[in-house]
Amino acid sequence: MTSIRIPTYRLAAFVVVVVIVSIASVGSLLIRNAVRSEEHRLLQERASEIGLILTEAFSGLQTQMATVAGETQLNGADARAFMASTATLITAQPGSSTVLADAGTDPVRFVAVIGTALPPTAVGPADALIRRALNLRAEITTSVFDEGSAHVIGLAYPVGVGGLVIYRQLPLDPSAAGSATSGSQPFHELTVALYAGPTQEKATLILTTSGQVPLRGSVAVASTTFGADQWLVAINATSPLVGNFATNAFWLVLVGGVVVALALGALADSLLRRREHTLALVDQRTAELRDSMAKLELAQEQVLRQARLAAIGELAAGVGHELRNPLGVITNAHYLLRAGFEQQGGNGLMRHLALAEREVGAATLIVGDLLDFAGPREPVTTPVGLHELLDEVLDLAAPPSGITVDRDESAGCSPVLADRDQLRQVLLNLITNAYEAMPGGGAVTVVVREAPGGVELQVTDSGVGMDQETAAQVFQPFFTRKARGIGLGLAVTKRIIDAHGGGISVTSAPGVGTTFRVDLPAAVVGAAP
Ligand code: ADP
Ligand code: MG
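In terms of the working numbering, the sequence shown opens at residue 34 and continues consecutively.
As structure tokens, then:
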């Protein structure tokens with residue numbers, strides 16, 4: 034399964050966007066609710082205002098009817114007097130009629146009619162309306178109904194004498210009043226529907242400014258009292274009362290919030306990405322710097338080492354040269370002394386002479402190492418027989434008392450192609466080291482035998498041995514663990530073996546002993562000794 038790693042900066046930017054969009058959403062919802070409730074409050078306020086205005090208008094109408102009824106009563110319910118007072122008190126409208134009706138008869142009989150002519154008696158709803166008015170004293174009563182092909186509203190008011198009632202009938206075209214609230218009128222931003230009843234019922238609709246009734250959407254209603262009846266006014270707004278800006282604030286905040294969120298998200302993304310990039314760059318540069326410093330330190334160390342080695346090399350060369358000649362003279366003198374003592378039988382002095390010879394041998398080895406180290410030279414190779422060379426070395430460096438040397442050369446071996454002097458230096462170093470590792474005595478075993486591609490030489494002692502750490506350093510120049518050592522023997526030895534195309538290795542265990550193994554390529558077959 035592969036997992037996709039989303040970078041931290043991208044996550045952070047995403048969080049920024051989500052947080053801001055959430056805030057904007059909540060804010061815009063709050064704004065929308067506040068705007069809606071304000072809009073409704075304003076609408077309700079308008080509905081109540083219209084209700085009040087209508088109540089005012091109705092009371093005028095009621096007063097007119099009451100006045101006509103009062104005049105008629107004063108005139109003794111005389112039809113002629115009714116007609117005269119009605120003509121002055123009530124403005125005639127086209128299609129409307131004002132009637133003096135007698136509800137004492139069944140059906141109701143129209144005594145006198147002003148305006149558009151009506152049949153002599155009232156029928157259906159008009160009859161019912163007039164009878165209802167008679168029962169309610171001094172209160173106007175209304176009814177909306179169809180009269181033949183016309184839609185009408187009837188208003189009735191009891192005269193107070195006998196069964197007489199003033200009845201007005203007006204033709205009704207609810208949408209004809211539309212212009213009343215249009216244009217620059219006070220309520221032009223509203224759609225209004227007026228019902229001659231307590232509910233929004235189409236049959237009782239008196240006027241409307243909209244083709245659509247009942248009104249849809251957010252509607253506010255207010256009821257108003259007209260005589261004995263409750264009328265209802267319903268309104269809604271054609272454009273928001275709180276204004277378009279407030280209505281759209283919801284979208285403004287939401288869209289604005291989203292835009293700001295995206296902008297900030299992008300900004301955060303780029304800033305954080307740049308920061309991450311910069312940090313990565315700093316890390317990389319720091320690592321490079323550390324690396325360079327480590328290399329510089331190493332180089333510095335090497336330079337110091339080289340300088341030190343060069344200085345020591347020069348010194349070694351000087352000392353080696355100066356000592357070589359006197360050591361040669363002393364060796365010759367010893368040879369003569371030994372010959373003289375042997376002739377005269379001075380055996381007691383021979384011990385001292387042997388000691389002096391051994392010390393001179395050690396000094397010669399040191400001088401050899403010094404010179405080899407200071408001025409290494411290319412091997413001048415000739416075929417060398419290792420058995421003879423070993424004889425010679427053991428002559429030069431005879432084992433001290435308590436130490437035995439076992440030679441295992443039974444397998445025999447062909448000569449190696451080597452620089453004789455240098456190879457002798459190698460053997461001297463390995464064997465004297467073995468002696469020095471066994472201060473309390475022990476055995477040195479030297480093995481010489483053929484190996485695949487060459488000759489193998491092993492020098493093993495039963496001495497103090499070394500730990501791993503020491504063994505790893507023995508071939509370094511000037512590494513020594515001896516009080517009087519100079520630490521050049523094995524360094525020179527390794528250099529010589531390397532120059533011959535061979536190899537040297539050491540295995541050792543503390544308290545058990547040490548084995549140095551040297552591999553040398555074999556001499557060309559048939560080469561003359
Ligand atoms: P030096 O003999 O002057 O100390 P070398 O280069 O010959 O210098 O040897 C380096 C060191 O290696 C010695 O001081 C010693 O600690 C260790 N060493 C060499 N050969 C042996 C050995 N046969 N047994 C134990 N330690 C050895
Ligand atoms: Mg040594």
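The beta-carbon is built from N, C-alpha and C at its ideal position, and this holds for glycine as well.
Please read all numbers here as calculations on a predicted model, not as lab measurements.
>> Measuring only the C-alpha atoms, how far is Val144 from Arg165?
In response: 18 Å
> Taking the DSSP output, what are the residues bridged to Ile268?
Replying inline: Val225, Ala253
>> Measuring only from the beta carbon, is Gly353 closer than 7 Å to any heavy atom that is part of the ligand MG?
In response: no
> Assuming Gln509 contacts Ala524 under a Cβ cut-off of 8 Å, what Cβ separation, rounded to an integer in Å, is found between them?
Replying inline: 6 Å
> By Cβ distance below 8 Å, which residues in the same chain neighbour Leu151 in space, the five residues on each side in sequence not counted?
Replying inline: Ser130, Val132, Phe143, Gln202.
>> Taking a contact to mean a Cβ-Cβ separation below 8 Å, would you say Leu461 touches Leu398 in this structure?
In response: At the C-beta level, Leu461 and Leu398 come within 8 Å of one another.
> Where does the unbroken alpha helix (DSSP H) through Thr105 begin, and where does it stop?
Replying inline: 41-107
>> Taking the alpha carbon of Thr437 as the reference point, which residue from Val459, Gln455, Thr465, Asp452 has its own alpha carbon closest?
In response: For the residues Val459, Gln455, Thr465, Asp452, the minimum Cα distance to Thr437 belongs to Thr465.
>> Could you compute how far the alpha carbon of Val252 sits from the alpha carbon of Ile268?
In response: 6 Å
>> Please state whether the Cβ-Cβ distance between Thr241 and Val254 is less than 8 Å.
In response: no
> Who are the Cβ neighbours of Ser443 in its own chain at under 8 Å, not counting the five residues just before and after it?
Replying inline: none
>> What does the Cβ neighbour count give for Lys527, buried or exposed, with the cut at 16 atoms within 10 Å?
In response: buried
> Anyone know if the C-beta pair for Ile519 and Ile530 falls short of 8 Å?
Replying inline: no
> Just checking my contact of Ala57 with Gly290 at CB under 8 Å: how many whole Å lie between their CB atoms?
Replying inline: 2 Å
> If you run the structure through DSSP and keep just helix, strand and coil, what is Arg371?
Replying inline: helix
>> Let me make sure I understand the geometry here. Which of Arg249, Ala505, Glu390, Thr257 has the alpha-carbon closest to that of Leu87?
In response: Thr257
> Can you round the beta-carbon distance between Gln233 and Leu205 to whole angstroms, since I take them to be within the 8 Å contact cut?
Replying inline: In fact, because the Cβ distance is near 16 Å, the residues do not count as touching under 8 Å.
>> Please identify the residue among Leu162, Val545, Ala387 whose C-alpha is closest to the C-alpha of Asp428.
In response: Ala387
>> Between which two residues does the beta strand (DSSP E) holding Asp424 run?
In response: Not the beta strand (DSSP E): Asp424 falls in the alpha helix (DSSP H), residues 419-429.
>> For Thr214 and Phe220, what's the separation of their Cα atoms in angstroms?
In response: Annotation note: pLDDT 45 at Thr214 (below 50); position unreliable, coordinate value reported separately. Spanning the two alpha carbons is a distance of roughly 5 Å.
> Around the ligand MG, which residues pass a check of Cβ closer than 7 Å to any of its heavy atoms?
Replying inline: Asn462, Thr465, Asn466, Glu469, Gly518, Gly522, Leu523
>> Under 8 Å, with one C-beta from each stretch per pair, do the segment 341-350 and the segment 397-414 reach the 3-pair mark?
In response: yes
>> If contact is defined by three or more beta carbon pairs under 8 Å, each pair taking one atom from either stretch, is the segment 304-317 in contact with the segment 64-72?
In response: no
> Would you report the Cα separation of Val477 and Gly346, rounded to the nearest angstrom?
Replying inline: 32 Å
> Considering only residues of the same chain and omitting the five flanking positions on each side of Val156, which have a CB-CB separation below 7 Å?
Replying inline: Pro140
> Which of helix, strand or coil does DSSP assign to Val246?
Replying inline: Val246 falls in the coil class under three-state DSSP.
> Mapping DSSP to helix, strand and coil, what is Ala470?
Replying inline: Coil, per DSSP.
>> Let me confirm a value: Ser61 is counted as buried when at least 16 other C-beta atoms fall within 10 Å, else exposed. Which label applies?
In response: buried
> Is the beta carbon of Ile199 sitting closer than 8 Å to the one on Met116?
Replying inline: Between Ile199 and Met116, the gap from beta carbon to beta carbon reaches 8 Å or more.
> With a Cβ-Cβ cutoff of 8 Å, do Asp494 and Met471 count as a contact?
Replying inline: Their beta carbons are under 8 Å apart, which means Asp494 touches Met471 by this criterion.
> Is the distance from the Cβ of Asp135 to the Cβ of Leu197 below 8 Å?
Replying inline: yes
> What residues are listed by DSSP as bridge partners for Thr389?
Replying inline: It should be noted that the sequence gives Ala, not Thr, for residue 389. The partner list for Ala389 (beta bridge, DSSP) is empty, contrary to what the question assumes.
> Between which two residues does the alpha helix (DSSP H) containing Gly522 stretch?
Replying inline: 522-532
> So, using beta-carbon positions, are Ala102 and Val192 closer together than 8 Å?
Replying inline: Between Ala102 and Val192, the C-beta gap is smaller than 8 Å, which places the two residues in contact.
> What whole-angstrom Cβ distance do Leu305 and Val50 have, given they're in contact under 8 Å?
Replying inline: At roughly 13 Å, the Cβ-Cβ gap does not stay under 8 Å, so Leu305 and Val50 are not in contact.
> Can you tell me where the alpha helix (DSSP H) with Ile186 in it begins and where it stops?
Replying inline: If you look at Ile186, you'll find it isn't in any alpha helix (DSSP H); it sits in the beta strand (DSSP E) that goes 183-191.
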